[in-house]
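Okay, structure first, notes after.
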Amino acid sequence: MELLKENVHYGQPIAKKLIPAEYKTRYGITNLFRVELPNFWRMLYTLTAGSSGIEIIVLVLDIIDHKKYDKKFGYNK
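To convert, note that position 28 of the sequence shown is 27 in numbering that gives the first Met the number 0; the numbers rise steadily by one, no gaps.
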């Protein structure tokens, strides 16, 4: 979390066409970032403007293991 506080663009951006429909529908997001965590876990987060329009808010959407990540993004073995 400290890394994201220092740099909101710390994670790797995921192409808009690859953002799972679940996230677009449920959260209405237009951007998604991935951070690789130890033991093949992934953290997925999005950025949004705060109510003042000046601040940037980081919303962590999921912290999932590699197997669930592959399933969510439609990757096969």
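For each residue, glycine too, the CB sits at the ideal point set by N, CA and C.
C-alpha distance - residue i paired with residue j, whole-angstrom precision
i	j	result
Y74	L60	19 Å
K71	Y9	22 Å
P19	A48	21 Å
R25	I56	17 Å
I63	M0	16 Å
K23	K15	10 Å
Three-state secondary structure assigned by DSSP to residue i
i	result
A48	strand
D69	helix
P19	coil
N- and C-terminal bounds of the alpha helix (DSSP H) containing residue i
i	result
L2	1 to 5
Run of the beta strand (DSSP E) containing residue i, from where it starts to where it stops
i	result
I56	55 to 63
F32	32 to 35
Contacts around residue i, its chain only, beta-carbon distance under 7 Å, and the 5 residues preceding and following it disregarded
i	result
I13	L31, F32, R33
L17	F72
Residues near residue i in its chain [Cβ-Cβ closer than 8 Å; skip 5 each side]
i	result
V7	L46, I55, V57
Own chain residues within Cβ distance below 6 Å of residue i, not counting five before or after
i	result
Q11	R33
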